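What follows is a single structure, written as structure tokens, with notes after it.
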């Protein structure tokens, strides 16, 4: 078959075609000569003309028009000249500027117009059928594919404003601009007008973007990727999503062997039978014409395939209309219409067919409503299909879950992970500073990574963060430090230590599931154990109270003595048998008043009782006072004897906040400090203000420094710390304890860069170790090291309520002292009595002492004779003589007195 090229003289061309009966003229508009789209147009017509079953009585005659991309005026003139001589349909052009002109003219004349480009028009045209995917459905496809990849945040880079229409579904999905996690779901950047995009890409790299949606023309993709590689925006933690449907036709060269994840969409599946057959026939035909064609199914562009499908669609409609069609001359100035054009276009809208671009189906407006997009991933062998999307089935995957896991584990096993950490017991410490590699360290973190590495079969290398910090964000410099900085700079693959998962850190890096739950608590010193006090029985009352009691004792005794002497009711007859006493006696002498008061104070009482109202009032008030004091003393004595004396202590964070004697602090720049700094709780805000204003500073540069300050603070400093670290320090130092409950609930996690492909695998390994108890075993290994029996013994002793001699020894000492004093007083009384006997008996003191001592040691004697002086005996005789001379009554009385004397003797 011969191709028909349009001569310069259009009329001559029409005349040359007039003799061809049964020929149907169609026009193709292209922007460059011998383009792939023009070749596909010609080849499709050639195949149709060779297949009699498609058009038995008709031969398609192509007319090729080459126009400028932006020359809409000359395009309109050419369309009018062509319609004036009679045409059956127009294909193309591929630019929006010129296609709009062709579209408007064809709609007026009812000439079928078949488009193969992105349609931005929202108003449908009756005479137009577009084989390119419908705008809204393609936007929905982009949105659902990106959402299905679980991209919580991403960066959109676009070339022209038309891309925003393709991303309309993405823009609608996040109206507020923030996800539930709080960070921006996407940022939008437009490519620079300059060819050098590195300044823009460097700025994107500094924003730590790792998921990038690139929307640009196909010929710019490799240039942008090369420039992104120069600014270190290409690596294993970066993911590029290419929206160009022809990205698979490019040769990505070294990018195929790199670790960057590149995902692309395609409308043309190279494995589709029609694609392979068409490419085979086309290359064979070109070889016969001595024009070798470097075309493979993998390099077929979307526009070429759509042009091929458009010609086949036109032919099917032409064949299926079941009537002879003839073209006629139409004038652009007389608004003529082709009577068969509308029927032909409507018939095309009803056709469902399989083409190079897959299944084709249209709506009533001529827009393609069914198409299949392949989701492909760049591999070393090229792009491989991993899933597909269509309007009916949505997203489906061609790879099974087991295949995806197998590929992931294979990539992990071929990698050596750089693990960044910091020194801090028991998580990591230097075992041998002179050793190299992992042999230099030991600790819980190293053991955990080692177990995960054995499970996932990868290698690892431990390194330390240069600044030794956990990782905090500086709002002034807009930079991170510590472990987080190493991950964001892609200098490390994993970060592990006692690194708390916080909201701020989660917005900068990814975390595995927590491998250890914890909360903030208070590290404080145990109460100082006071030495035993022999006089602890005096503790229930203060020294002032004891002094006041002694003063009250003396004061009440003196008042009672004075009142007793003043009131007549306390003066009694010393001899009740004598009705006419010559003198009265008061029993409340000063000696007896003191004895009465002390007897009441000791709750023993005495034989002396007041009789006057005034003395009874004093005695009653004294007894009431004694009742209250003895009851208070008895109640407090039990507590003081069974509990150790403690200095000022705290039992909760509220107690700590209420006092000012005990200072408290946190690790500077850590998650605990950030908890107090950002808390909305008024109590924690107040405590943070106190910590900031305290001088000298209560902040520490490390946890070890905080522990040291608590140990040396003598219960004057408390340190806020994670509960797991407190557990370790309590096991290590018996003098420390945890105070109160935890203030929050969080966990330690293994950090990694955003969008790390290894997060799911490592999280799964952590979960498996938690369920099997492996993590608990590792924790016990590092938290329970050494012999801690001393701490447990101390705890046992503290819990005991038994009283020892050291607690009540003072009472025995008082008893002993009282007995000793009584013994010496008895000696003095004995010696005084010896002197008195020596004087009375007119014997030597030695004789009197021996006589009295011998009598005292004769314990079986129960009575002692009364000794009288000679003068007393003579006086007694005189009294008897006088009494005899009295009357009988006096004799009776004296006889009674004698009987009393005899009884006393």
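In the numbering used here, the protein residues as written are 8 to 912. Glycine included, C-beta positions come from ideal geometry on N, C-alpha and C. Quick caveat: nothing in here was measured; it's all calculated off a predicted structure.
In three-state terms, what does DSSP make of residue 673?
Within the chain shown, residue 673 is the residue found at index 666, counting from 1. Coil at residue 673, not helix or strand.
What does residue 120 pair with, by DSSP beta-bridge criteria?
Taking the first residue of the chain shown as 1, we reach residue 120 at position 113. Answer is 97, 135.
Pair within 7 Å by beta-carbon distance, residue 123 and residue 314
What you label residue 123 is simply residue 116 of the chain shown in a count that begins at 1. What you label residue 314 is simply residue 307 of the chain shown in a count that begins at 1. Their beta carbons are under 7 Å apart, which means residue 123 touches residue 314 by this criterion.
Three or more C-beta pairs closer than 8 Å, one from the stretch 775-794 and one from the stretch 710-729: is that the case here?
no
Looking at the structure shown, is residue 695 part of a helix, part of a strand, or coil, going by DSSP?
Taking the chain shown and counting its residues from 1, the one referred to as residue 695 is at position 688. Reduced to three states, the DSSP call for residue 695 is helix.
Considering just the uninterrupted stretch of the beta strand (DSSP E) at residue 395, what are its terminal residues?
Counting from 1 along the chain shown, the entry for residue 395 is found at position 388. Start and end: 389-397.
Could you check the C-alpha separation between residue 176 and residue 230 for me, to the nearest Å?
Residue mapping note: residue 176 aligns to position 169 of the chain shown, counting from 1. Residue mapping note: residue 230 aligns to position 223 of the chain shown, counting from 1. Using only the alpha carbons, I get a separation of about 28 Å.
Report yes or no: do three or more beta-carbon pairs, one from the stretch 153-168 and one from the stretch 191-205, lie closer than 8 Å?
yes
Measuring only the C-alpha atoms, how far is residue 99 from residue 157?
If you number the chain shown from 1, residue 99 lands on position 92. If you number the chain shown from 1, residue 157 lands on position 150. One C-alpha to the other measures close to 38 Å.
Are the CB atoms of residue 529 and residue 725 nearer to each other than 7 Å?
On the chain shown, position 522 is the one that residue 529 refers to. On the chain shown, position 718 is the one that residue 725 refers to. It is a contact, given that the beta carbons lie within the stated cut-off.
Measure the alpha-carbon distance for residue 238 versus residue 107 and round it to whole angstroms.
Numbered from its first residue, the chain shown carries residue 238 at position 231. Numbered from its first residue, the chain shown carries residue 107 at position 100. Straight-line Cα distance between these residues: approximately 41 Å.
Could you pull the start and end residues of the beta strand (DSSP E) that residue 271 belongs to?
As a first step, residue 271 must be located in the chain shown, where it is residue number 264. From DSSP, the beta strand (DSSP E) with residue 271 extends over 268-273.
Count the CB pairs spanning the stretch 54-68 and the stretch 77-93 that are closer than 8 Å, and state whether there are at least three.
no
Bridge partners - residue 30, DSSP secondary structure assignment
In the chain shown, counting from the first residue as 1, residue 30 sits at position 23. DSSP lists 66 as partners of residue 30.
Counting Cβ pairs, one atom from each stretch, are 3 or more of them under 8 Å apart for the stretch 431-449 and the stretch 480-495?
no
Taking 8 Å as the threshold, find out whether the stretch 625-644 comes into contact with the stretch 557-574 through three or more Cβ pairs.
yes
Grab me the residues of residue 856's own chain with a C-beta within less than 6 Å of its C-beta, minus the 5 sequence neighbours each way, in chain order.
Taking the first residue of the chain shown as position 1, residue 856 is located at position 849. Around residue 856: 841.
Taking the straight line between their C-alpha atoms, what separation do you get for residue 324 and residue 352?
Against the chain shown, residue 324 aligns to sequence position 317. Against the chain shown, residue 352 aligns to sequence position 345. Taking the straight line from one Cα to the other gives about 8 Å.
Residues that residue 374 bridges to, as DSSP identifies them:
By 1-based counting over the chain shown, the position of residue 374 is 367. Partner(s): 137.
Mind listing, in chain order, the continuous alpha helix (DSSP H) runs of no fewer than 4 residues lying wholly within the stretch 422-508?
451-463, 489-495
Report yes if the C-beta distance between residue 688 and residue 527 is below 7 Å; otherwise report no.
Here residue 688 refers to the residue found at position 681 when the chain shown is read from its first residue. Here residue 527 refers to the residue found at position 520 when the chain shown is read from its first residue. No, the Cβ-Cβ distance between residue 688 and residue 527 is not below 7 Å.
Excluding the 5 residues flanking residue 723 on each side, which residues of the same chain have their C-beta closer than 8 Å to its C-beta?
Position 716 of the chain shown, counting from 1, holds the residue named residue 723. Correct list, in chain order: 668, 669, 670.
Assigned secondary structure, residue 87 (DSSP; H/G/I helix, E/B strand, else coil)
By one-based count along the chain shown, residue 87 stands at place 80. DSSP places residue 87 in helix when its eight states are reduced to three.
Can you give me the Cβ contacts of residue 383 inside the same chain, cut-off strictly under 8 Å, excluding the 5 residues immediately before and after it?
Reading the chain shown from its first residue, position 376 is the one you call residue 383. Correct list, in chain order: 255, 270, 271, 272, 273, 390, 391, 392, 393.
In three-state DSSP terms, what is residue 262?
Start at 1 with the first residue of the chain shown, and residue 262 comes out as number 255. Looking at residue 262 - three-state DSSP - the assignment turns out to be helix.
Proximity to residue 686 [Cα-Cα], best of 416, 250, 509, 326
In the chain shown, counting from the first residue as 1, residue 686 sits at position 679. Of the candidates 416, 250, 509, 326, the one whose C-alpha sits nearest the C-alpha of residue 686 is 509.
Cβ neighbours of residue 217 in the same chain (closer than 8 Å, five flanking residues each side left out)
In the chain shown, residue 217 corresponds to position 210, counting from 1. For residue 217, where only same-chain residues beyond five positions count, the Cβ hits under 8 Å are 244, 245, 246, 760, 761, 762.
Check each candidate in 767, 737, 467, 833 and name the one with the smallest Cα separation from residue 791.
Indexing the chain shown from 1 puts residue 791 at position 784. That would be 737, whose Cα lies nearest to the Cα of residue 791.
Using a threshold of 7 Å, state whether the C-beta atoms of residue 462 and residue 180 are closer than that.
Locating residue 462 in the chain shown gives position 455, counting from the first residue. Locating residue 180 in the chain shown gives position 173, counting from the first residue. In this structure, residue 180 does not lie closer than 7 Å to residue 462 by Cβ.
Which of helix, strand or coil does DSSP assign to residue 73?
Looking up residue 73 in the chain shown gives position 66. Residue 73: strand per DSSP, three-state reduction.
Indicate the three-state DSSP secondary structure (helix, strand or coil) for residue 656 in the structure shown.
The residue labelled residue 656 in the question sits at position 649 within the chain shown. Correct three-state label for residue 656: coil.
Touch check for the stretch 135-153 and the stretch 357-374: three-plus C-beta pairs under 8 Å?
yes
Could you check which residue in 52, 312, 579, 507 has the C-alpha nearest to that of residue 755?
On the chain shown, residue 755 is found 748 positions in, with the first residue counted as 1. When only C-alpha atoms are compared, the closest one is 507.
If I'm right that residue 326 touches residue 67 with Cβ under 8 Å, what's the distance once you round it to whole angstroms?
Indexing the chain shown from 1 puts residue 326 at position 319. Indexing the chain shown from 1 puts residue 67 at position 60. The pair is not a contact, with the Cβ atoms about 11 Å apart (cut-off 8 Å).
Determine the DSSP secondary structure at residue 850, reduced to helix, strand or coil.
In the chain shown, the residue the question calls residue 850 occupies position 843. In this structure, residue 850 counts as coil in the three-state DSSP scheme.
Go ahead and pull the three-state DSSP assignment for residue 532.
Here residue 532 refers to the residue found at position 525 of the chain shown. In this structure, residue 532 counts as strand in the three-state DSSP scheme.
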